[in-house]
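Protein chains in written order, with the working numbering: chain A, 294 to 896; chain S, 1205 to 1373.
All C-beta atoms in this analysis are idealised placements derived from N, C-alpha and C, irrespective of residue type, glycine included.
All figures in this text were calculated on a predicted structure; none of them were measured in a lab.
Data block below; observations after.
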């Protein structure tokens, strides 16, 4: 409670709560990033943190959404609810950093602003599997940001609890978006069934928990009938536990009838703070104490003790023939109402032994402490397990290299078509395929920043760094200059290549730079937007094909005239496609000539 | 919570109880996959140097972190072919496979080395050996053109008799 604005009203429980929370999150994130390369040496050092922060946000949101219903099912979980908003803020921070890393890795260095790229690179909103799952993540993140920004009691007091609660129910929408983000993103690329099972089980856990709780709550919402005088028979006075309440429903709202110190009073069941269930609280020091955050009210007046100003409606109660009767007409919030006196106080039952704890209490009862400590221990053990299991399940990194620190020089003929590349003479007796061809690209998501047209056909020295995977080799060009061609070379470069025939191939379009080295993975739906950005920026599109034995071939895509198709394939990247076209071999490069209008989607 | 919020919660979860499982089911059960190339187009893979069939016996050769499997096939008294693949992903760029008739003594590529083909990932590659290899096994040199260095070299097992004896140096 507060009469003055304070950022956080710290107490020992909050410090312990936040300490455990931050330590667990830090352990998970650092552990994930540390464990991943132990299991997979190909792990992409830029991709691993994206997965670590993203999965941490998903796990934390799952925990947050479990706390509310668990508290409704067993009040001993309430200590977890006390500081739940800090968990929400941490989730938002994790999601934000995940988003920042994604922007920085998949959208930076392109031909448009990274934020624009994020929103514009995939506009397949009419497709389920090609749907821009990033948009779902953005939606979830925006909701989490609004919730985090309005999580302080300042906003709660100004918006009022019902509006604040409605606003914060947006978390369920955020969760749905997040499930969609994961299913249409990571789980489209990662086909590990165990990882999918983890996500499915966590979603079922949340849905079932909330449905069961909602169903139980609904049972309590049956209106109590009125007697001829317009009063509600609450029941025998002895049914109301000492220092506790019996909750009844009248006119659709709940009323808490408290018994304390030989008296009975009735107040609204909704705490003014967050509309917490006051009737599940306890009378402490003569004041009804909310089980959620410990806001207190005088049961007779519904007013918080000075200097606090919270007030809730009160109701008139009477005791006749040992039964409590209640007038369901509410008095304005804070109106004092004379409590009904219990006629034979000596017969009152002893206070119930139900454990009660609010975060600002100095100590927790032993039973509750044991209960909650065990649950937290189980949760932390689960975090430790996940640190070792999730990186393995996330796996599926590929071996690809980008020697971005190792600048080398390559001599050969520069060719502008079918994509800018350098033709390097293979040493020894080579026969038919006397050259290796390395496709040239530029820094970031762009083609080579050299005068390709001017140097076409010239013997050049290219300076750059190598990108390679599975026999495919590219050079990220730092510079190129014409040099004298060696006069002794007897090897003649076949300019037109060797036609291999017309084929119908099934595969996926990727951008060659990411696939061959910069990103792991550099294909599938999760990489779609980066692929679009790279191809739009001038990186040659490549069609990936595999056979049943796992042999993979990549084909540079050009149209039937041999012209580039970059701007014509953007809406089809990362989807299963069938392309019928002529295959031409240029030494180690395979070129697929087909008009993009003839590409056929397979899904 | 007040009743309107409880109702809101209940209605939301009645909706989500259908929406989330449906999203998971459709998203996972009908996940699109890129199919492998159909049978007729395997001929393309063969033309590109991928091995259509594998010999019965394969010899494992370890060269540092890179492992290779090789197999030899004598098609006729005068022609033989080599099936080779890297067991693990290629650690060097543009790895070319050369044959030389003699054992390699130093770590450089002889001028008369004969190019057989290039390695691609962990796929089996089919390469035709020269006629001389039927009488003299010679050596294989794995050369990284992009790095301009010999990655490894090893003597080929004999086409006649046991295939044991291959070793990397």
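What do you reckon, are the CB atoms on residue 499 of chain A and residue 355 of chain A nearer than 8 Å? yes
Chain A residues whose Cβ lies nearer than 7 Å to that of residue 1249 of chain S: 840, 844, 846
Beta-carbon separation of residue 758 of chain A and residue 696 of chain A under 8 Å? yes
To be precise: take each residue of the region 553–583 of chain A, compare its Cβ to all Cβ atoms of chain S, and keep it if any distance is under 7 Å. Which residues remain? 563, 568
Just checking: is the beta-carbon of residue 365 of chain A within a distance shorter than 8 Å of some beta-carbon in chain S? no
Are the beta-carbon atoms of residue 736 of chain A and residue 769 of chain A separated by less than 8 Å? yes
Contact test: residue 698 of chain A Cβ vs the ligand ZN heavy atom, cutoff 7 Å: Within the structure as shown, the ligand ZN is missing, as the structure has no ligands at all.
Cβ pair residue 1337 of chain S, residue 1290 of chain S closer than 8 Å: no
Which whole-angstrom value is the C-beta distance of residue 703 of chain A and residue 716 of chain A, which I expect to be below 8 Å? Between residue 716 of chain A and residue 703 of chain A the Cβ distance is about 10 Å, and since that is not below 8 Å, they are no contact.
Test item: CB-CB of residue 902 of chain A and residue 708 of chain A under 8 Å: Any question about residue 902 of chain A goes unanswered here, given that chain A covers just 294 to 896.
So what does residue 570 of chain A bridge to, in DSSP terms? A:563
Flag this pair as touching only if the region 815–828 of chain A and the region 401–413 of chain A have three or more C-beta atom pairs under 8 Å; answer yes or no. yes
For residue 516 of chain A and chain S, any beta-carbon pair shorter than 8 Å? no
Evaluate contact between the region 799–806 of chain A and the region 854–871 of chain A, counting only Cβ atoms and requiring at least three cross-stretch pairs below 8 Å. yes
What number of angstroms, rounded off, separates the C-alpha of residue 884 of chain A from the C-alpha of residue 815 of chain A? 20 Å
By the DSSP assignment, the alpha helix (DSSP H) with residue 1209 of chain S in it spans what residues? 1207–1233
Let me see if you follow: with CB-CB separation under 8 Å, is residue 819 of chain A close to chain S or not? no
Which parts of the region 726–757 of chain A are runs of the alpha helix (DSSP H), unbroken and 4 residues or longer, counting only runs that do not cross its ends? 745–748
Got a sec, what are the start and stop residues for the beta strand (DSSP E) residue 553 of chain A sits in? 546–553
Is any beta-carbon of chain S found at less than 8 Å from that of residue 729 of chain A? yes
Of the listed residues S:1341, S:1324, S:1302, S:1320, nearest to residue 1357 of chain S (C-alpha basis): S:1302
Under 7 Å by beta carbon: chain S residues contacting residue 279 of chain A: Nothing about residue 279 of chain A can be read from this structure; chain A reaches only from 294 to 896.
Determine, for residue 491 of chain A, whether the minimum Cβ-Cβ distance to residues of chain S falls below 8 Å. no
Chain S within 8 Å of residue 265 of chain A, Cβ atoms only: Here chain A covers residues 294 to 896 and nothing more, so residue 265 of chain A does not appear.
Within this structure, are the beta carbons of residue 358 of chain A and residue 488 of chain A separated by less than 8 Å? no
For a cutoff of 8 Å on Cβ pairs, would you count residue 422 of chain A as touching chain S? yes
Relative to the C-alpha of residue 854 of chain A, which residue among A:845, A:863, A:590, A:874 is closest? A:874
Run through chain S and tell me which residues come within less than 7 Å of residue 766 of chain A, C-beta to C-beta. 1297, 1298, 1350
Considering only C-alpha positions, which residue in the set A:665, A:529, A:546 is nearest to residue 635 of chain A? A:529
In chain order, which beta strand (DSSP E) runs of at least 3 residues are fully inside the region 1309–1346 of chain S? 1318–1322, 1329–1333
Quick check: residue 364 of chain A and residue 371 of chain A, are their CB atoms within less than 8 Å of each other? yes
What's the gap between the Cα of residue 1268 of chain S and the Cα of residue 714 of chain A? 32 Å
Tell me whether the beta-carbon of residue 536 of chain A lies closer than 8 Å to the beta-carbon of residue 576 of chain A. yes
Is there at least one Cβ from chain S nearer than 8 Å to residue 893 of chain A's Cβ? no
For residue 811 of chain A, collect the residues of the same chain with a Cβ closer than 6 Å to its Cβ; drop the 5 residues on either side in sequence, then sort them by chain order. 695
Alpha carbon of residue 474 of chain A to alpha carbon of residue 361 of chain A, nearest angstrom: 24 Å
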